[in-house]
Structures are given as C-alpha cells and as structure tokens.
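Enquirer: Chains as they are written, first to last, in the numbering used here: chain A, 9 to 98; chain B, 621 to 795; chain C, 12 to 431; chain D, 405 to 1358.
No residue lacks a Cβ here, since even glycine has one placed at the ideal position from N, Cα and C.
Questions regarding the structure given below will be posed in turn.
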Amino acid sequence: MLLIHCPYCEEARPEVEFAYGGEAHIARPVDPSTYSDEQWEEFLYIRSNPRGRHHERWRHAHGCGRFFNAVRDTVTDVFETTYKAGEARK
Amino acid sequence: MVEIAEIAVSAAELKLGTEPVQGDGVRLAHAGPKARYSLRARDAKALADVIGRALPGKIGDTEGAIACLGPDEWYALLPAGTEMPRGEGLAVSVVDVSSRALGLVLEGPGALAVLSSGCPLDLAKMGVGRATRTVFETVEIQVWREGEERWHVEVWRSFATWLWHAFVAAMHGAK
Amino acid sequence: MTTMKRFSGFNLIGEAFRSHQGWPEHWPDKAPKASYDAIIVGAGGHGLGAAYYLAKKYGITNVALIEKGWLGGGNTGRNTTIIRSNYLYDESAHLYDHAVKLWDGLSQELNYNIMYSKRGVLMLAHNVHDVQSFKRHIHANRLNGVDNEWLTPEECKAYCPPLDISPRTRHPVLGGALQRRGGTARHDSVAWGYARAASALGVDIIQNCAVTGIRRGADGAIEGVETERGFIASRRVGVSAAGSTSLVMKMAGLDFPLESYPLQALVSEPVKPIFPCVVMSNTVHAYMSQSDKGELVIGAGTDQYTSYSQRGAFHIVEHTLAAICEIFPIFTRMRMLRTWGGIVDVTPDRSPILGKTPVKGLYVNCGWGTGGFKATPGAGDLLAYTMAHDEPHKINAPYNLDRFRNGRLIDEAAAAAVAH
Amino acid sequence: MTGFRLADGGRIDRRTKRNFTFDGKARWGYAGDSLASALLAQGQMLFGRSFKYHRPRGILGAGVEEPNALVTVDRGPGRKTPNLRAPSVALHDGLAATSQNRFPTLKTDLIAVNNMLSAFFPAGFYNKTFMWPRAAWEKVYEPIIRRLAGLGDSPTTRDPDHYDATYAHCETLVVGAGPAGIAAALEAAASGGRVFLIDEQEEIGGGALSDPAQWAWLAEASAKLAAMDNVTVLPRTTAIGHYHQNFVVAAQRLTDHLPVDEAEGPREKLWRIRAGEVVLAMGAIERPLVFEGNDVPGVMLASAAKTFALRYGVAVGRKLVVMALHDSGWHDALALHKAGVNIAAIVDLRREIAPELAEAARDARIACYPGYAVTGVSGGQAVNGVTVALAGVGKGQKLECDAVLMAGGWTPTVHLWSHAKGTLRWDENWGAYVPDKTHENLRCVGACAGDWDFGSGLVRGLLPAPKPLHESKAFVDFQNDVKARDIGLAVQEGFRSIEHIKRYTTNGMATDQGKTSNLNGLQIASGVLHRPVTDIGLTTFRPPYTPQSFGAILGHHKEALFQPLRKTGIDDWADAHGAVYENVAQWRRARYFPQGSEDMDAAVARECRTVRSAVGIFDASTLGKIEVVGPDAAEFLNRMYTNPWKSLEPGRCRYGLLLGEHGFIIDDGVSARLAPDRFHLTTTTGGAARVLNMMEDYLQTEWADLDVWLTSTTEQWSVIAVQGPKARRVIAPLVEGIDLSPEAFPHMAVREGKICGVDTRLFRVSFTGELGFEVNVPAEYGRMVWEAIWAEGEKHGAAAYGTETMHVLRAEKGFIIVGQDTDGTVTPDDAGLGWAVGKKKPDFVGKRSLARPDIVAAGRKQLVGLLTDDPQAVLEEGAQIVADPNQPVPMTMIGHVTSSYHSATMGRSIAMALVAGGRDRMGETLHIPMPGKTISAKVVAPMFYDPEGSRLNG
C-alpha cells in the first residue's frame, strides 16, 4: 500500500484513502467542437504511459476530497513530488 | 467429500446494536442524535459570517464542534436540532446532513487498538481535538479524537451495522 | 533448419537408457543476421506463435524473433492460464474461438505437450443483472456456434463441489454460465513448444536483445530495428511486446491508447485434487483453478495506478482471498505459497489492438489486458496473417486503431455494465 | 541417553511430558519440543515422501527451510492443516500429526515404484509425452498425474476458526530476533521511538537458542525488552512480505501451539505494519551439499543437528559423520561433541584446516579427513554408512555411521530485502548473494547482511562429482525431487537463464521455495555453462517468505463481515411483510411481496394491477442523491447533463441524462430545482458514487472557476414512492403546508413542507405513468412515515411493491433502466432519448463524441418495443434477434432483448430491445431463435401503455 503525500492535508496518507485519476495535465478543450476526430481521440485515449517519470492525478477521495497531481517513477513506484491541482507541471 | 456448514449469521441477519458493548478496556456505544452540516466555501470568512460561527483554519483541526475536512470543506457536529442559515445566493454551500450518518463512540484504553484494526492511519499520532475523513477497511468514516481515549466515529447510516459488528469483532479478538 | 528430435513416450524410454543425453536444445540461441523477411519484437506466447505461424502457414521462414529478456518471461509465464471463448460480441467471440480451435490439438501439432485441459470454465451469476448479462452471452454464443450453457445453482455445485451455494451468503449464487471447452494449459510449455517448433522451421530466436530504436525510411516505411546487438533490417516488423508496447511504438513515433497496470496472481501450496474446473466471479472479484501440480491458482485484481514495477499492493491480495473464501469457504486454512506481479497493457475499451499501424510495414499486437493467454494461438496466427498479407484477417479487422477515432469500440466490460 | 534424547541439556522442560500421535501411533516428548525433535528423540528417521518419486525422506533442517518433513496436523473437525513443517510445529498434548504423500503407509509406499522408474521421469518429461492418443491426456494421463502430485489433502469443510487483523505503526521494525536483531531493537528502543521486534520462532533468540553460552545474555535482553513500553515483541510471528514504503505484513500464530481445548480466540493475527525504518535480521540458512545419496533419511544440515542437540537435547544419531566445506561444520561438530553427541569423523574437502580446529577435533578424538569428500551414502530408509574418497575421486573407504551432517556454507536470508526491490551483490567470500542497494529506509544486520563470522569456507559450495553430471543422482531440490542431472539436462536442452532452468526442472518451486536449493542449482548451472554465477541470473523472491494461511490474510472479511450489505430505513418493514430481495450494487432491495402461495409472476401481476387501479407504495431510498449548491449550480448542471438546466424554474423537476466523455449513457435521474442556487439531484442506485466522483472531477479540475459545491445526500433521505390513481388521496391527509391540487402542484414539480409532522421534499414525479409522488423525509423518519402512508393506503387497497413491479410498470411506459436497456455502448439517440439532448447547447460532457463517424453512421442499434406474435410468449432477457431465422450458424444477429415481462395491464407480454436500425423497422417481424424453437415478434414503438400520458393526472 503506497503512502501518498497529500499537498492539501500536508501529510502522507495510506493509498486506500486515494483514488487514482489517470495521466495529469490533459486539459479538456474549452470548445471541443473545434477539435478534429484525431484531436478528440488524442484527448480521450492517447496516453504517454512512460517507463519512469509519470505525471498523474490522484484524488484524496476519503480524506480532503481534493484532486491533485503527482510525479511518480513507474518503475520503482517512488513518488518524486505531489502538488496542488492548477499548479504548473513539475 | 466436501461438506460446507451453513454460516452462523449472514450479512442480511446482522442488526445494528442498540445497547453499548463493553469489551476488554474499550466500550462501544452510540453517540446519539446530532445535527450535522456539510459546509463548503472558497472563502472561509464568508462562510463563517453566514453561519455566525468561527471555523478552524487548518485541515484536521476542530473548533466548536466544527471540523475542517478539506481546503473548502467543514463539517459541523452539533446538538440535535441546531439550525443553520443557508446563505441563499451567496458563494457558500450549507447542507443539512443530520440523518446521513450515525455517530459511534469508542472509549477506553483499548479504543485505539479497535480502531486500528481496520483504519490504516497512525492514530496514535493524531492529537486530541483533531478530526479527519478516512476509511475503516473498505468503508469511509470520519474519526474525531475527542479525548486521549475517546474516539467519535461518523459513518453513513447504511454502513453502520457492518461497522458496529466489525468493531465488536475487533473488541472480542474476532471471536 | 535445425532438426528436431521427436518427443514421444517411445523416445523418452529410449533416452532413459542413455541418461537422456540425446535430447538436443529446444531452440538454438541465435545471433542476429543482418536482415530478415520479418521481425517479431517480443518473444512471449503471442510473438512466438506469430513466428511459428509465419513459417508454418504463411511460408515466411526467414524470421527473427527478438526478445529483451528470456522468452516467455513476461505475462506468458505469469498468468493464470485460463482459456475460454464465451465472449459477447461477434468480434470477440470469433477472435477467441479462433484461438480455442487452435488450442485443440496444439500439443500434437507442436509435438510438445502443452497440457491443454478442457476442465470447463464456470462463470457465476450473483444478482439479477448478472443473470441477464450471462443469458445474453449464452444466446449470442449459441447463435455464433460457441458453446456456453446455463447452470442452476445446484448444477453449479455438482460441477464444482467446493462452491457454497447457500442463499445466505453475501452474494448468493443464482446460477452460472459454463463453457465446457474452456480450461487451462501449461503456460511455460506453450512458450517452449512454440519456440522449439518455430526454430525447427528456421526462425531465429534471439534473446537478451532489447530493441533500442525503429528505423524508418524517407517514405516513412519500416526499414528495420536498432537493437543492443546492432541494426537488423526488415521491411516487416511485428510488435507484440505487451506492457512495453507503448515504449516500442514511441520509437516509431507513434503514441498509443495504452496504459500498463500491475496485475497480481498467487498460488497455494499443492494439495491433492479438490477443485475440478475453472471458476470466475466478476461480482465477487475472484477466479481460481487447480494446477496439475496441485496448487490452487488464483487471479487477483490490478492495482489502480499504472506501473512497470511488477509489484502490487497487499490489500489487493487481501480482497482477492476474502472473495475466494466467500465463495469457497473450505479454503481458509489453505496457505498462500507464492504471489507475483505482471504488467498488463490495457486499451480504452479493454479489447486488443491487432493489425496494421499508420507506419508501413509496422504491425502491432497489444492491449490484451488481463486476457491475453487464452488468445495465444489465435493472436499469433492473426498477427502472422496480417504481416504476411499486409492486411488484417477478417477476424482481427475490427481490432484496428481507427476505432478509437471513429467510436466503433468493442467494449465487453461495458456490456456487463453495473446495473440500476 | 534414552532413545536419542541426551542425558541433559536443551531448553526443553524434562519435568513436563507431552503426549501426541504420529500416523496414529502414541508418542511422547517434552514441553519445549518441536514435533521434529520429539520424533527424532524416539528414533524416527523417516518423516515423509518426496513429491515426484515418493522417496523416503528424513529431516534436513531444524527450521522453515525444511523441505522433507511435511505433515498434516488434525485439530478436529474442519481444523485439518496440510503441509506443515515438522521442525516448526510446536509440540503440545494431544497433537495429532500424520505423514503425507504416501500410499498406503510411510514405511511401505507403493508409489515409490516411481523411484525405480525415475529414469523415465526426468525434468520436463511431461512435455515430451502423454500426447497420444489425443483424448488420453485429459481422460487418463492428467488425472493420474494430478493424483500423484499434490502433497497433503485440502480441507473439505468450513473452518470453524477465526482470524484477527490489524494495522500497526512504528518508527523501527526489526524482523528476526537473533542476537543481531535483539541488539538492533535495544538500540532503536533507547531512542524512545516505537519498536516492533518480530520473530517466527516459539521464543526469541534465533541462533542463540542453539548456543547455551548465550542463554544468560538472552534472558537478560528479553527481560529488558519486555520492560520497555515502547517495544512490542512478537514471537511466532512471520514477516511474510515487504511492500511499498516499508509496509511489512506479518502473521502471528496465536493458538496452534496450544492443546485444542486451551485454544481460545483467533487462530492467527495479521499485522499490517508501516515502519519508518525496517531492520532485517533474518539470519542465514545453511546450504546442503550435493552428493550421491544426500537425501537418505539421516543426512541433514550440521546446523540442524546442532539445534536438535543443544536446543532440544536430542542426538540425531549415535554415530555421526560431518561433511564440511566450511569452518562452521567444525564448530558445530565440536559443539555437538561437547553436548555428548558421538562425532565419528569430520570430512572436509579442504586440505588446509585451521590448526585450532584440527587440534580441537583431535583432542575430541574425532577422526579427520582433510581433502576428502563424501562420494556415496549407504542405506535406504536410514543411513548406515558413507563412502569418502580423497578429493572425492576413486573408490574411497566406507565409514560406519547413522547420520551425516552437511556443512556447505551459508545463504543469507535476503527474501524481504528482495521483496523491497533491493539489489543483491555476489559476495565471493560467502559464495552467496548479499544485500546491496535499496531505495527504502531498510537495512540488514547480522548474517543476512553477510556480516557474521562463520569462519572461512570454500565459496563454490559444490563437491567434486564422482560421476558425470548426466548420471548424478544427487539431489538439489529435495521436495520436488530435482537431481543435479536434471539441471544438466535443462542446460543441455537449451535452457540458459535460471528462470528457465527453475521452471523446466521445478528447482526451488516447492513449498520451501528454494531456501536450500536455489544457490546449489545456480552453481551447478554455472558449472555446466562454464559461466560465472552472476551471468545466470537470480530468481526473484516473492512474498510470502513462508506459506501463509488464507484465513489470516482475509482477517475479519469473512461470512457476515465479508462485505457490508446496505439496507434502507424501511428494510425491516419489508422483511416483516415477507419481501423477497435482490442485491443491487451494495444494497438489498425488496423485489416483490408475495402473498400466501404467490410466486414472483403472480405477486408482480397483482402489484402491477394494484398500482394501475388503485395505488402502490415503493421504497426508492437507494437512489443516489446529490445536493448541488452555489451561484453557478445551474451552469454546472448545464455542462454536465445533455439537456438544458438554466431555464428550469425553482420548484420544478427535470429528467437528466448523463453521458461519459465518450458519448455513451452512463446515468440518468430526475432532479429538482429547490432554489435558484440549490438543486436536488437523483442518480441510479449503482451510479451514485461514480456520478459524484465524476462531477467532482470536472468541477475541481476543468471548471474550478465555478462557485458550486456537491454534497452526497443519498443517506440523508428516505424516499417513498406513492404511485397510482389514488396516490393523492393517500398522502393528502398526512401532508401539511403543501397544496396538492393539480393546479398548484403539477407533474414534475417539487414542494417543501411537512408530512406526518416531519420535513419533507415532496416530488410529483412518476416512473410508472400513473399519478405519482415521491416523499423524501430524513432517513430516521422513513419507517414511521412509510407506516403512516401504508395505513392510509390500505384504506384505498394499496399494495407495497418491489423492484420487479417497478421494472414492469416503467417498461409498459418505455422508460429505460440504465445498465439494463443500455450497456455502456448506447448513445441518447440509440436509446430514443434524442429529445433529452439540448440541440442549442454549445457543449456538454460527451457532446463531441456524438459527432464521431461511427456514432452518426446509419444502422446503429436503437431501442424499440417488441410484441411477440404469441401474446403469452415472454421473451428471455438477453435473447438475440435475427432477421432470417433459417440462416446457418454463425448467424447474423441484429440485436438483443433488453427488457421483457408479462404485462398484467396489457394482458400480454411486452419487451424492449436494441435492434440495428430499429426505428426504421417499425411493423417488421423479427425472430428470436431459442433452443428448440424460434419466437417471432413485431417491432413497435417502445411505449405500450397510455401513450398520451393522460393517467399522470390521476
């Protein structure tokens, strides 16, 4: 069970309090109708799925309830950092 | 030859306890009726003005029976019947959830162990007067440390029966 | 071509009298040649199958199979070896049944006992919605010529005695869907059998040779692959790299709709025969069978986050065993012997991608999620067909990349959607 | 000495006898004995039969590494446990143990014939045969193989025992309570932090338990630890695995060491420990030697013999020969001699022996054979001698003995280190892998760190083989019967990596998971391949460290506590009124209320008729509810749902349709606007949590600028649906402060007031097509209000109805159920809900996906109604639909039946179906091929009753 530092609660909490939210920094277009089918496909489905540094979303669902972002190494599962939603990509 | 004995009690047959249960150094009881409000706002001050009460500023702190659960979320646990203004039209959310949850109280030197049987938090490090949302195994709860050895647990109504018996199982060493 | 000493009881006895010194290598370890007619990246069951069928059925024998580690060392050697084809949609039923037909008689074809055991796969229904969903499967399967039948709780119990069908359990058994042709096979033997047969047909199996790049020509078409052991030229490259597919595709400049998740499985200590079939329960989240060795083989769930660590969380195992003992309460005293983790590559509709890519000469087979083993011969054959004809077979045509753009998804999981 | 029990010594209590049985025969030992030591004391050498060849086997080790002596312990009905290791089974009065994998008896095992035929069963033999005739694999060969394999028997009844589980936290966790572990614990404890010290054995001490010289110190240290309240010492507790960020799972055995009648409380307890720092002090396991006959009962590890003598006061033989490659063998031999065990000889392949050791041996009158090696063992079910030869070649000479001790060097126990993905380094001095790097706050101390003075030894722990490898009958993995030659064969057949060799030979895959065989296998392979061990690789250790009962792992999650079953506040009433239930998501819901001998069809028909003709009452409390509050509430809902919300006036309700971003329907429900800035949303029962999480996601991450908040109120409200022409009359007497007249309170409106004196949110909505109300009251009043409504209802001939009737009634109106009439691939237009999509809205969740090529393509499956030609034929839900029933299999299926019922109201069957191009097929006859018959049905609009909706007004 991972220990995840919640940037809002400012403490490390057990994974079972959190819900994984997939890759981070994939913003929904302001006006999707302007997107081509290819662009829309990319927004919906294309993911970087890297081996190594991964920017991802978590929600402290059973804690403060907030979504936030994290950088985790997908080979070691070690978190490099976590930061609040809306903050710039780290 | 496989022969599977019937289970003694089924999940459907579990009943929510009504009388307190005394275990080895720990007592499980109902907290009794409460008024409960889910309070939300970006601006704590605006919300405080609406409800006319002070709000704890830091997540996990409590003040006047109001806990700060998140950056824009507070939870009030007040005497039954307490009313609260809704702040119509303002950038706040006041929702009466008095009936949504039940309060269970674990008290005694053994209370920490019972809670820790299914809650993965390091509760020993949780100060008196702190409160947080967390889980007991798969069920979401709120834990309020009301005293060194007194813990108030908020749980949604329909999960209370399971939680009550999970506590009892932990109290009796899963007997 | 290397000669392959035939496996048979007769030869086994013969060899016994000379301490088995006459058995040759299953497959010679080859160094890469400068170029091949076709290259398969990834020597799991699917890649091995593709290499074998390219040589056997489609006449392309100058084939290199390159593998970054040891063949069969990925999900092929880490799964719970369940074989079935009772899928709902026509596309899936045809795909998996193509595989099941190939499983039948594969031992004889490869002259390698892969221990395909038609023990039957029983899927349990625990609520009204399960029943509706399974009946839909059964009717669709029947009209597709795929065997799948409905069993009452009592019939389920008779088929699998350790099952608790008491109506007082948390998720009472309301019935089950049984595919009698379903079952299990020995995963390592499948990999080794294909490897031995493929190399006997001239396929070069090159292990410990990671792909480091994919070379494309001015016209964008594939020219070959860069590897730790140098460049290998070929105008046809098939990638069958499971959890690593995203990484290989990036080398070709392609972003894929894939995510890789940890999946755990575990076995108990071996015991005498007690569990006669394969049982799956989606509602309780458990599936289990008993291996020839006597171990209870149990599939656990995936972790919630993507990872390549091949290491899962313990609470996943807790939930899995709680589910197993809920359905089969006689097993609480059994002991867990070994757990392990694999990396499963999952697509948005949880169905595979098997066919051509936007890059000429580059073909892909991926996205099998947790269900790849059962498809091994079929996936291998269809990848081989697609590479040989530069166009997909009608069975795998629907499993293209376009579906994520045009919305023609094949979503079996959604079809079993959570109810009202 | 009596039997093999030494005159004195050991930690056993010679005043307290323990009676037990082995294979039914009465035996006895002392308190403090293990099953193994007690049996050895009585001269039992034969303990079990091997997995494949059923060879007679004795004790190899004194701990968890034991591969041979597996027993089944029977503690009464439902309490049989197979495959326990005799050295790890604590002796107690009444212990009933039986040997395994033999037929019929341990002494005479007929299946030992396999042993004669072993030449025919080399590694991987099953891949090479059993292929002809084709059918015989499943019918003949496989069943036989299965019966021969499998060690002990599985339990066959429910386990009466209970199991406990907990989380725990500490600053320092020390795994292994040998001298190194105890020292680490004392040191950590001094700093005041919370310390856990856990050890798998009956008492702490580890190696010190086999060294009387350390007992005084051990007693002192134990007392000191016990006295510190920041230290928790857990014996009989095995750390089974290390997981991310120092999460260590350990299992404590609480009662198996006690007589059955004294065993109270849970059998085992699972400790899920999160530690700041983890210190591994798990010691090292001695390595057996690979020589001909090394599996004859009586051949064992030197360290085991030492433990049996010094800890349990048992000599493993009357005349022992030690085969050493390592000084530790000499130290153990001398210790044994000192304890009164007769050591006849020490054989050591090394020519140079440390002078002080050689001298001590001479003083002890122990014959020494430096430069010699054992080349063979004589004896069948027990050792009667060994052959030793100079440098292990030539005929050699026979030494009489009844036990042979192997000292092949040591293997650090790095299992948990490896679980944590810590890297390993090959240590030449040890001839073993030792811990190297880790990213966890984790360290090893003592032997498992490669830090312990065993003296020196031959690092390549192999004896010279007198025969060519392919003839070698020396065993590497004892339990799985893997011989040295099997590893040779694997290499010969082209297997190069240790992973392949392991899988092909099954070396290291037995219940001991290779604790004594992995390294020998590795060294043999490296020898054949002429490549250094480090080139062959290392098989990764996986949890658990030792086999762990399922029971402790699932803890409290069994039987009634397996998973919560959610019930509504009205559930008890339904129960008292004979409701039959169905499970929906985590809830149980009343499905129907049979009266007398009614079956479901009869009950549902009656309930339906009552609702249509009078009034019915339904518990809808499980529906998900979300209170949406804030100035931007309407804007938010407008973006989430397909239809427009801004125009909805306070006091009015609207049906909302929710799509995923992929454009497919995922939820629906009727929602009400209570005030300009406050909505009361409802969702499906199963969708509640999913929908709230999805809305939070958009709100927090896409539209963070909106001032609106979401609060789950699912459990705040009990919801009672009152439906039917008499609905208004039923609730009227109970309602205060709400004008129920049709003019004041139209369909799809909401009012707040009181009912039975309780606050209510009263909805005028209908999922039945009848005049209807949904009464929302605070959950704790649900039962009271329900009973009041019921009492009023009875005056009007009301019926309580369940989900099945609800389904029929809504189907008669063509209302969909998300998850039944949709399946995650259905768009609003497919479902005939195009009207619920705001055409003028620039955007909403899922809108863009609705423009994808395949979604706008013709021929998509559309929801239609079906009327069977035979009005009494009720289609099966899930049945497939074809246009041409006479086509061959595989048929072209054009759709399937999603909902199908007998409609008492219509006096015939009705059905809904998803059919390709369905709306263009109105009036067409389609076919539903069923086993043995084909049913024909006409395509109609999915609206069977009161199409103009006049009944809504009662």
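Quick one: list the residues of chain A neighbouring R89/C, beta-carbon separation under 7 Å, in chain order.
Expert: Numbered from 1 along the third sequence, position 78 holds the residue referred to as residue 89/C. Per Cβ cutoff of 7 Å: no residues; R89/C is ~17 Å from chain A at best.
Enquirer: In or out: E668/D buried (at least 16 other Cβ within 10 Å) or exposed?
Expert: Counting from 1 along the fourth sequence, the entry for residue 668/D is found at position 264. So E668/D ends up on the exposed side.
Enquirer: At the level of alpha carbons, what is the spacing between E768/B and S718/B?
Expert: The sequence position of residue 768/B within the second sequence is 148, counting from 1. The sequence position of residue 718/B within the second sequence is 98, counting from 1. Taking the straight line from one Cα to the other gives about 26 Å.
Enquirer: Mapping DSSP to helix, strand and coil, what is P616/D?
Expert: Position 212 of the fourth sequence, counted from the first residue, corresponds to residue 616/D. Reduced to three states, the DSSP call for P616/D is helix.
Enquirer: Just mark P951/D as buried or exposed, buried being the case when its beta carbon has 16 or more other beta carbons within 10 Å.
Expert: As a working mapping, residue 951/D is identified with position 547 in the fourth sequence. Answer is buried; the Cβ neighbour count reaches 16.
Enquirer: Can you list the residues of chain D that T84/A reaches, using a CB-CB cut of under 8 Å?
Expert: By one-based count along the first sequence, residue 84/A stands at place 76. Neighbours of T84/A on chain D, chain order: K825 and H843.
Enquirer: Which residues in chain C sit within 8 Å of M1044/D, going by Cβ to Cβ distance?
Expert: The residue given as residue 1044/D occupies position 640 in the fourth sequence. Under the 8 Å cutoff, chain C gives no residues; its nearest Cβ is about 19 Å from M1044/D.
Enquirer: Quick one: Cα of I1193/D to Cα of L658/D, how far?
Expert: One-based indexing of the fourth sequence puts residue 1193/D at position 789. One-based indexing of the fourth sequence puts residue 658/D at position 254. So the two alpha carbons sit approximately 54 Å from each other.
Enquirer: Does the count of Cβ pairs from the segment 1217–1235 of chain D and the segment 1143–1158 of chain D closer than 8 Å reach three?
Expert: no
Enquirer: State the CB to CB distance for the pair A27/A and R55/A, rounded to an integer number of angstroms; the pair is presumed to be in contact (CB under 8 Å).
Expert: Here residue 27/A refers to the residue found at position 19 when the first sequence is read from its first residue. Here residue 55/A refers to the residue found at position 47 when the first sequence is read from its first residue. Not really, about 17 Å apart at Cβ, beyond 8 Å.
Enquirer: Can you find the residues in the same chain that come closer than 7 Å, C-beta to C-beta, to H37/C, ignoring five residues on each side of it along the sequence?
Expert: To locate residue 37/C, count along the third sequence from 1; it is residue 26. Once the five neighbours on either side are set aside, the close Cβ partners of H37/C are W203, A206 and R207.
Enquirer: Check the DSSP bridge columns for V683/D and list the partner residues they point to.
Expert: On the fourth sequence, residue 683/D is found 279 positions in, with the first residue counted as 1. For V683/D, which the question treats as bridged, DSSP gives the partners V578/D and R847/D.
Enquirer: Have a look at E88/A and E23/A and give me their C-alpha separation to the nearest angstrom.
Expert: Locating residue 88/A in the first sequence gives position 80, where the first residue counts as 1. Locating residue 23/A in the first sequence gives position 15, where the first residue counts as 1. Distance between the alpha carbons of E88/A and E23/A is about 16 Å.
Enquirer: Express the C-alpha separation of G58/C and Q883/D in angstroms, rounding to a whole number.
Expert: One-based indexing of the fourth sequence puts residue 883/D at position 479. One-based indexing of the third sequence puts residue 58/C at position 47. In this structure, the CA atom of Q883/D is about 34 Å from the CA atom of G58/C.
Enquirer: So for M12/C, helix, strand or coil by DSSP?
Expert: Mapped onto the third sequence, residue 12/C falls at position 1. Any answer about M12/C is weak, because its pLDDT of 45 lies below 50 and its placement is not dependable; what the coordinates show is given next. Coil at M12/C, not helix or strand.
Enquirer: Checking contacts by CB at 8 Å: is S56/A closer than that to chain D?
Expert: Within the first sequence, the letter at position 48 stands for residue 56/A. When Cβ-Cβ separations below 8 Å define contact, S56/A makes no contact with chain D.
Enquirer: Who are the neighbours of R416/C on chain A, taking C-beta pairs under 7 Å?
Expert: Within the third sequence, residue 416/C is the residue found at index 405, counting from 1. Those within 7 Å of R416/C in chain A are D45, E46 and E49.
Enquirer: Check whether the Cβ of H70/A lies closer than 8 Å to any Cβ atom in chain B.
Expert: By one-based count along the first sequence, residue 70/A stands at place 62. Yes, its Cβ sits closer than 8 Å to a Cβ of chain B.
Enquirer: Taking its Cβ as the centre, do 16 or more other Cβ atoms sit within 10 Å of P537/D, making it buried, or is it exposed?
Expert: Taking the first residue of the fourth sequence as position 1, residue 537/D is located at position 133. So P537/D ends up on the exposed side.
Enquirer: Got a sec? Which residues, its chain only, sit under 6 Å from K919/D by beta carbon, not counting five neighbours each side?
Expert: Taking the fourth sequence and counting its residues from 1, one reaches residue 919/D at position 515. Once the five neighbours on either side are set aside, the close Cβ partners of K919/D are E469 and I689.
Enquirer: Looking only at its chain, what residues have a beta carbon closer than 6 Å to the beta carbon of R419/C, apart from the 5 residues adjacent to it on each side?
Expert: Sequence index remark: in the third sequence, residue 419/C carries index 408 (1-based). If we look at R419/C and ignore the five residues flanking it on each side, it has no Cβ neighbours.
Enquirer: Taking CB distances under 8 Å as the criterion, tell me whether E25/A reaches chain B.
Expert: Residue 25/A sits at position 17 when you count from the first residue of the first sequence. True, the Cβ-Cβ gap to chain B drops below 8 Å.
Enquirer: Taking the alpha-carbon of H1066/D as reference, which of I1221/D, S1253/D, D427/D and L1166/D has the nearest alpha-carbon?
Expert: To locate residue 1066/D, count along the fourth sequence from 1; it is residue 662. Ranking the options by Cα distance to H1066/D, first place goes to S1253/D.
Enquirer: Does any CB atom of chain D fall closer than 8 Å to the CB of I679/B?
Expert: Indexing the second sequence from 1 puts residue 679/B at position 59. Not one chain D Cβ lies under 8 Å of I679/B.
Enquirer: List the residues that DSSP assigns as beta-bridge partners of Y837/D.
Expert: Along the fourth sequence, read from residue 1 onward, the residue named residue 837/D stands at position 433. Looking at the DSSP assignment, Y837/D forms a beta bridge with W830/D.
Enquirer: Examine the Cβ distances between the segment 569–577 of chain D and the segment 481–489 of chain D and report whether three or more of them are shorter than 8 Å.
Expert: Proximity of the segment 569–577 of chain D to the segment 481–489 of chain D falls short of the contact definition, fewer than three beta-carbon pairs being nearer than 8 Å.
Enquirer: Report the residue from R551/D, G1000/D, L1166/D and H1331/D whose alpha carbon sits nearest the alpha carbon of S1340/D.
Expert: Numbered from its first residue, the fourth sequence carries residue 1340/D at position 936. Of the listed residues, the one whose Cα sits closest to S1340/D is H1331/D.
Enquirer: Quick one, which of V111/C, Y107/C, D40/C and Y64/C has its alpha-carbon nearest I77/C's?
Expert: The residue labelled residue 77/C in the question sits at position 66 within the third sequence. Answer by Cα proximity: D40/C.
Enquirer: Give me, in chain order, the residues of the same chain whose beta-carbon lies closer than 8 Å to that of F408/D; leave out the 5 immediate sequence neighbours on both sides.
Expert: In the fourth sequence, the residue the question calls residue 408/D occupies position 4. Excluding its 5 nearest sequence neighbours in each direction, F408/D has C-beta neighbours in its own chain below 8 Å: L444, A445, Q446, G447, V718, A719, V720, G721 and R722, listed in chain order.
Enquirer: I'd like to know whether the C-beta atoms of T533/D and T502/D end up nearer to each other than 8 Å.
Expert: Counted from its first residue, the fourth sequence places residue 533/D at position 129. Counted from its first residue, the fourth sequence places residue 502/D at position 98. Not in contact: T533/D and T502/D (Cβ atoms no closer than 8 Å).
Enquirer: In chain order, what are the residue ranges of uninterrupted beta strand (DSSP E) at least 3 long that sit wholly in the segment 1036–1110 of chain D?
Expert: 1057–1063, 1069–1079 and 1082–1087
Enquirer: Could you say which of S522/D, A771/D, E1196/D and V1260/D lies nearest to R889/D if we only look at CA atoms?
Expert: Here residue 889/D corresponds to residue number 485 of the fourth sequence, with the count starting at 1. When only C-alpha atoms are compared, the closest one is S522/D.
Enquirer: Taking only beta-carbon positions, decide if M12/C is within less than 8 Å of chain D.
Expert: Here residue 12/C is taken as the residue at index 1 of the third sequence, counted from 1. Its pLDDT being 45, under 50, M12/C is placed unreliably by the model, and nothing is read from it.
Enquirer: Going along chain A in order, which residues have a C-beta closer than 7 Å to the C-beta of R753/B?
Expert: For the purposes of this step, residue 753/B is taken as the residue at position 133 of the second sequence. Those within 7 Å of R753/B in chain A are H70 and G71.
Enquirer: Just grab the DSSP bridge partners of E1178/D for me.
Expert: The count along the fourth sequence starts at 1 and reaches residue 1178/D at position 774. Note: E1178/D sits in a beta bridge opposite A1125/D and F1167/D.
Enquirer: What are the boundary residues of the beta strand (DSSP E) that R431/D is part of?
Expert: Residue mapping note: residue 431/D aligns to position 27 of the fourth sequence, counting from 1. It spans K429 to A435 - the beta strand (DSSP E) in which R431/D sits, taken as one unbroken run.
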